[in-house]
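**Q**
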Amino acid sequence: MASAVPAVSMVGITKRFPGVIANDQVDFEAASGEVHALLGENGAGKTTLSHILTGLYRADEGTISLHGKPVAFTSPREAIDNGVGMVHQQFRLVSRFTVAENLMLGDRRGAGRHFRIDPGAVDTQVRDLGERYSLGVDPRARIWQLSVGEQQRVEILKALYQEARVLILDEPTAVLTPREADLLFATLRQIAGEGRTVIFISHKLHEVMAVSDRVTVLRAGKALATVQTTDATAQSLATLMVGRDIKPVTREGQARPDSPPVLEVEDLWAEGDRGITAVKGVSLTVRAGEIAAVAGVSGNGQRELAEAITGLRPYTKGSIRVKGKPVRAGDARSAFEAGVGYVPEDRLGTGVAPSLSIAMNLALKSFRNNCRGPFLRLGPMRTNAEHEISTFEIKASGPDQQTDYLSGGNLQKVVIAREFSASPSVLVAGSPTRGLDVSAVEQVHSFLLRAAENGTAVLLISEDLDEILALHDRIFVMYEGGLSEMPPGASVDEIGLRMAGQAAGAPPA
Ligand SMILES: Nc1ncnc2c1ncn2[C@@H]1O[C@H](COP(=O)(O)OP(=O)(O)OP(=O)(O)O)[C@@H](O)[C@H]1O
Ligand SMILES: [Mg+2]
């Protein structure tokens, strides 16, 4: 690579958590001027390794040097002072502050008491950096006003403002549209082109193939191999990562006109969090055993639609029926009793109770079955949890592990295990594989197919067109609150155009 001394050198890094070795004697090197991808299954130890590099965790064993100089960070502050910045899976911006204020917050030059940062100068710098790296964002905008994609730009700008020489991005594209992801890749190539180091964590193999120079694969806490991207293929990386061949799940799209309708939504209207109408007159019928797949760029009312159907959000007009029985507006209990299951997009917020154990979380929906009088039947709950942990291959130390320490993918499996085991009549799944590794994606897909085969009406909402195409019986597109069905056999381009609000030759709905 560019220079003989690696920009980042981590040797023999070991990090233990109770019951798990998250990093096991990991050697990792990244050069100046390269985009280095870090790949591995859920729970393989990618985030842990990055957190050690950025001073958030201390390694139990091992050494780190930057540009040949040994370092031992005890805080993210020290890492930043040494030019290591990170864009986390969960953003760390102060939402009521402006973009410029968020940048100033981390400015070490403002740390001395007699020094005042000139806000006007920061505005100018935000604009300059934004222009230079195609990360345009209004310096005066408040974070809560920004889209997720824009917030990510602010995180990257912040690292660049702090003069990061090493930039780590943990699954940055999980929150981006395909177009935004492409723009990000151009920015990352540019940052590396200046001689900096970009460490890029992703589960999407085609992204790794497109943007990286080298790839290091972690498996079960160990660094397995580092390869030149040009010597690899998506398939070879998948096999390396998982230790076996991955065969994508597919199903031939076919409507099931004979089976009875299970979910019937008619002229549904619902508001978003800020009181703006988010769902506009949606009508939709899903039959038993059918997978209705809703494509669309996130933020077009998909979440509100899912929440209205699952009773988590009131609707203002229209009707929802499950097997003929009405689901009252905003009545999660009636939705649950009608047999509606929900795998939400926001796992940590609504999916699980992070401070409770896996066993507790798995039992959340069936508490009445798990009680004898006022007492919880802990024994059966643990036995059930052990069963689910092995069925769904959840990587955890056991039923008693708290869910907030699970890796992203394993957290999602807990939610899925719970919703699936209730044998729902209707299953609403919102981006159920976001952030999951290839083998977990394969598993979730086969679980969805199995649910459909068992007669569940599945409403799959996803931004991932590959997923939609692989699993659908019928395809819908949601755009600005409206839902329209694609004709059978529609091409990716046609769906993409509809997602962008263009009707591709057909008269607008
Ligand atoms: N703070 C913590 N306390 C206890 N265990 C932890 C903690 N952080 C991570 N772990 C465990 O360490 C292992 C590695 O987790 P890590 O988050 O590094 O994986 P990952 O490769 O980033 O996975 P994902 O792709 O799902 O994000 C997992 O088994 C996880 O449960
Ligand atoms: Mg992670």
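Residue numbering for the sequence shown is 112 to 620, as defined by my numbering. Even for Gly, the Cβ is constructed at its ideal location relative to N, Cα and C.
1. Kindly list the residues whose CB is nearer than 7 Å to the CB of residue 245, restricted to its own chain and excluding five residues on each side of it in sequence; keep chain order.
2. What's the gap between the Cα of residue 63 and the Cα of residue 151?
3. Residue 523: which of 405, 449, 545 sits nearest, CA to CA?
4. Taking 8 Å as the cut-off, decide whether the C-beta atoms of residue 574 and residue 288 are in contact.
5. Quick one: Cα of residue 579 to Cα of residue 530, how far?
6. Report yes if the C-beta distance between residue 310 and residue 279 is below 8 Å; otherwise report no.
7. Flag this pair as yes or no: are the beta carbons of residue 563 and residue 332 separated by less than 8 Å?
8. In this structure, how does DSSP classify residue 347 when only helix, strand and coil are distinguished?
9. Is the stretch 387 to 394 close to the stretch 410 to 417, with three or more CB pairs under 8 Å?
10. Within its chain, find whatever has a CB closer than 8 Å to the CB of residue 591; leave out the 5 residues flanking it on each side and keep chain order.
11. Residue 319 and residue 254: beta carbons closer than 8 Å?
12. At 3 residues or longer, what runs of the beta strand (DSSP E) sit wholly inside the stretch 380 to 408?
13. Quick check on the burial criterion: 16 or more other C-beta atoms within 10 angstroms. Buried or exposed for residue 347?
14. Expressed to the nearest angstrom, what Euclidean distance is found between the alpha-carbon atoms of residue 197 and residue 273?
15. Could you give the distance in angstroms between the alpha-carbon of residue 305 and the alpha-carbon of residue 249?
16. Assuming residue 233 and residue 252 make a contact with CB atoms under 8 Å, what is their CB distance in whole Å?
17. Give the list of continuous beta strand (DSSP E) stretches no shorter than 3 residues that lie fully inside the stretch 219 to 302.
18. In this structure, how does DSSP classify residue 505 when only helix, strand and coil are distinguished?
19. For residue 603 versus residue 576, is the C-beta distance shorter than 8 Å?
20. Taking the Cβ atom as the reference point for each residue, do residue 512 and residue 466 lie within a distance shorter than 8 Å?
21. Is residue 133 close to ligand 1? I mean its beta-carbon at under 7 Å from any heavy atom of the ligand.
22. In or out: residue 126 buried (at least 16 other Cβ within 10 Å) or exposed?
23. Is residue 544 helix, strand or coil when you go by DSSP?
24. Could you pull out every unbroken beta strand (DSSP E) segment of at least 3 residues lying fully inside the stretch 142 to 179, listed in chain order?
25. Could you spell out where the beta strand (DSSP E) holding residue 428 opens and where it closes?
26. Nearest to residue 567 by CA position, among 372, 216, 178, is which residue?
27. Grab me the residues of residue 165's own chain with a C-beta within less than 7 Å of its C-beta, minus the 5 sequence neighbours each way, in chain order.
28. In whole angstroms, give me the CA-to-CA distance for residue 370 and residue 605.
29. Can you tell me which residues fall inside 7 Å of ligand 4, judged by beta-carbon distance to its nearest heavy atom, and keep chain order?
30. Here's the rule: buried if 16 or more other CB atoms are within 10 angstroms of the residue's CB, otherwise exposed. What is residue 638?
31. Enumerate in chain order the residues of its own chain whose CB-to-CB distance from residue 184 is below 6 Å, with the five nearest sequence positions on each side excluded.
32. Could you tell me whether the Cβ atoms of residue 403 and residue 570 are closer together than 8 Å?
33. Using the three-state DSSP reduction, which class does residue 591 fall into: helix, strand or coil?
34. Given residue 262, which residues of its chain have a CB within under 7 Å of its CB, disregarding the five upstream and five downstream residues?
35. Exposed or buried, what is residue 235 when buried is set at 16 or more other beta-carbons lying within 10 Å of its beta-carbon?
36. So does residue 506 have its beta carbon nearer than 7 Å to some heavy atom of ligand 1?
**A** On the basis of the supplied data:
1. 294, 297, 298
2. Nothing in the structure corresponds to residue 63, since the chain is present only between 112 and 620.
3. 545
4. yes
5. 20 Å
6. yes
7. no
8. helix
9. yes
10. 391, 411, 412, 612
11. no
12. 388 to 398, 402 to 406
13. exposed
14. 11 Å
15. 25 Å
16. Contact flag wrong, Cβ pair sits at about 13 Å.
17. 277 to 281
18. coil
19. yes
20. no
21. yes
22. buried
23. coil
24. 146 to 151, 172 to 177
25. 428 to 433
26. 372
27. 187, 190, 195, 197, 279
28. 28 Å
29. Ligand 4 is not among the ligands present in this structure, which contains only ligand 1 and ligand 2.
30. Residue 638 is absent from the structure shown; the chain starts at 112 and stops at 620.
31. 166, 190
32. yes
33. coil
34. 202, 204, 254
35. exposed
36. yes
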